[in-house]
Amino acid sequence: MKAIVDCNSFYCSCERLFMPHLDHKPVVVLSNNDGCIVSRSDEAKSLGIKMAGPYFIAKPMILEHNVTTFSSNYNLYGDLSWRVMETLRVLVGAENVEVYSVDEAFIDLGEEGENDWQQIGMKIKETVEQWTGIKVSVGIAPTKVLSKVANYLAKENKLATQCVLVLDTQRKIDAALQRTPVKEIWGVGYQYAQKLKEMYAVFTAYDLSRKSPEWAHKHLGGVTGIRLVKELQGESMKTMEKELTVKKMIATTRMFGHIVKNKEAIKEAIATYTSKAAEKLRRQNSAANTISIFVVAKGQNHNIDFRHGESIGQYTRLPVATSATHELIKPAVELVDRIFVEGTSYKKAGVMLSGLVPDETIQGNLFTEEKHNGKRLLMSMLDNVNFAMRGDMVKFAASGTKRNWKMRMEMRSPRYTSRWDELFEIS
DNA sequence: TCTGGGGTCCTAGGACCC
DNA sequence: TCTGGGGTCCTAGGACCC
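If you read the first sequence in the working numbering, its first letter stands for residue 1015, the second for the next number, and so on.
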């Protein structure tokens, strides 16, 4: 059996932990740049505030109903996420936990025996809540996809389920699938949901589970579709992933706080993002052999298709894979010259590192020049300083010092658990 | 004019996830 | 006025090889 443990309204729950007077009150958390709503408490959901909806559209409603609003505080969320995952590892053994995202983890509960799954689920839920203060929902079923269905229904009916739902018989599975719209299945997005409904009259997860794997291959994206249908039918096709996943691509991209028309500012932004991306790269001991950058211009009909503003990109293949910031900044900034158009208004830029390989410079070897090793040392010192200061204390000059392109973050709460000067105080 | 049957590697793009 | 930031996997198609 597999379980999925999912934190309820995770970012909102993190904020409430330090402001308990907000319990049972509507709360929302905004994305970077205070652009979209990315987390809503149940009370905010029932006011009709839309997930991923633009903040400025929801703002009148937010003011009217006195909804407490936060900018994202990733230091805080990251730390609390770590506490939740550690709790799970203590409960079921680290080797059985697969961290799936900042607020979700799969757990392998094993196959054998007549276990009281309901009780196991409750124990997990209650322990996490007691140890971390974060409320979670637990779905338990024979496959990952079915456990996600169970989790979805647990959240839909919090009172009846107490946030724990087990699907351990075919009868329960079928009943659950019949109550689940096809769009809510893990792996079915907007496009497939429309297609399934309009062309094939598939409305519920149950309808889809009646289709054959061959049918799914034809109409649901090849092998991906086969796996999905088999998982719905109770056959495990998605195994537990072992931790230690090394990323295959690393990106740092941001909207600007304001429109940018100046090439130097774009270069500063690109240099800053490159530094950040290189840091992530070194954290997983990789080096990159390809660096790409892109910029997004503000389109004419911005209000209609803001998402599809045309993105113009370029990439460079590096002669040698590297993880050194200065070796990445130089080609990145040069790429800006190739794509920048005078007189254009830009709203976003990004850097992507790909072609990632293990970093050869980490263990100095006899055949590497000394200069090369010194470079890695400089980088670790820089990472250490920046980590200790929890910011970017030491930067490359190319990143600029004024940064008037920086994003907005006007309502961020204190980083209670990761900065000494922002610790929670009791007076 | 005709025009095989494999392979591999790479890139772009689509679809999805949180 | 104002619309997030990461990632993954898969497929198709082109270039190239024998």
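Cβ atoms here follow ideal geometry from the backbone N, Cα and C, with glycine treated the same way.
Q. Thinking C-alpha only, which one of I1051, K1158, V1019 is nearest V1142?
A. V1019
Q) Would you call L1295 buried or exposed, if buried means 16 or more other Cβ atoms sit within 10 Å of its Cβ? A) buried
Q: Pick helix, strand or coil for G1235, following the three-state DSSP scheme.
A: coil
Q: Pull up the distance between the alpha-carbon of L1036 and that of V1196, whole angstroms please.
A: 34 Å
Q | Span of the alpha helix (DSSP H), counted from its first residue to its last, around P1345 | A | From DSSP, the alpha helix (DSSP H) with P1345 extends over 1339-1353.
Q: Report back the beta-carbon spacing between L1179 and A1168 to the nearest angstrom; my notes put them in contact at under 8 Å.
A: Taking 8 Å as the upper bound for CB-CB distance, L1179 and A1168 are in contact here, some 4 Å apart.
(Q) Just to confirm my understanding: we take A1265, look at its own chain, exclude 5 residues before and 5 after, and list those with CB closer than 8 Å. What are they? (A) Once the five neighbours on either side are set aside, the close Cβ partners of A1265 are A1291, G1364, V1365, M1366, L1367.
Q: Could you have a look at D1117 and say whether DSSP puts it in helix, strand or coil?
A: Coil, per DSSP.
Q: Following the continuous beta strand (DSSP E) through C1177, name the residue where it begins and the one where it ends.
A: From DSSP, C1177 is part of no beta strand (DSSP E); its letter is neither H nor E.
Q. Do the CB positions of S1306 and T1339 come within less than 8 Å of each other?
A. no
Q | Sequence-distant residues of its chain with Cβ nearer than 6 Å to S1325 (five each side left out) | A | F1308, V1310
Q: Starting from V1111, follow its DSSP beta bridges and name the residues at the other end.
A: I1121
Q.
According to DSSP, simplified to helix, strand and coil, what is I1018?
A. In this structure, I1018 counts as strand in the three-state DSSP scheme.
Q.
Please state whether the Cβ-Cβ distance between I1273 and V1347 is less than 8 Å.
A. no
Q) Three-state secondary structure (DSSP) at I1199? A) coil
Q.
Does the contact criterion of 3 or more C-beta pairs under 8 Å hold for the region 1342-1360 versus the region 1245-1258?
A. no
Q. For L1234, which residues of its own chain have a beta-carbon under 7 Å away from its beta-carbon, when the five flanking residues on both sides are left out?
A. In chain order, Y1206, L1242 place their CB closer than 7 Å to the CB of L1234, counting only its own chain and leaving out the 5 sequence neighbours on each side.
Q: Could you work out which residue in I1148, N1047, I1121, V1111 is closest to R1030 when comparing CA atoms only?
A: Answer by Cα proximity: I1148.
Q | For G1135, three-class secondary structure by DSSP | A | Helix, per DSSP.
Q) CA-CA distance, V1260 and T1267? A) Computed Cα separation, rounded: 20 Å.
Q.
Among the candidates D1435, L1392, D1373, E1282, whose CA atom is the shortest distance from the CA of G1414?
A. It is E1282 whose Cα lies nearest to the Cα of G1414.
Q: Tell whether a beta-carbon distance below 8 Å holds between E1198 and Y1166.
A: yes
Q) Using the C-alpha atoms, what's the distance from K1073 back to E1424? A) 14 Å
Q. Around the C-beta of T1157, are 16 or more other C-beta atoms found within 10 angstroms, so that it is buried, or is it exposed?
A. buried
Q) If we ignore side chains and look at the alpha-carbon of each, how far apart do S1213 and V1202 end up? A) Ser is not the amino acid found at residue 1213; the sequence shown has Met there. Spanning the two alpha carbons is a distance of roughly 15 Å.
Q | Straight-line Cα distance separating K1139 from V1237 | A | 34 Å
Q.
Quick check: the Cα distance between F1438 and T1146, rounded to an integer number of angstroms?
A. 15 Å
Q: Taking 8 Å as the threshold, find out whether the region 1079-1089 comes into contact with the region 1041-1057 through three or more Cβ pairs.
A: Judged by pairs of C-beta atoms under 8 Å, the region 1079-1089 touches the region 1041-1057, as three or more such pairs exist.
Q.
Going by DSSP in three states, S1223 sits in which element: helix, strand or coil?
A. helix
**Q.** Contact the region 1106-1119 vs the region 1059-1067: 3+ CB pairs below 8 Å
**A.** no
(Q) Along the chain, where does the beta strand (DSSP E) containing V1448 start, and where does it finish? (A) Coverage of the chain is limited to positions 1015 through 1441, which leaves residue 1448 absent and any answer about it impossible.
Q | Distance between V1111 and V1098 (C-alpha atoms, nearest Å) | A | 11 Å
Q. Can you give the Cα-Cα distance for I1343 and E1356, rounded to whole angstroms?
A. 22 Å
Q) If you count every other CB in all the chains shown that lies within 10 Å of the CB of L1077, and 16 or more means buried, which is it? A) L1077 is exposed by the Cβ-count criterion.
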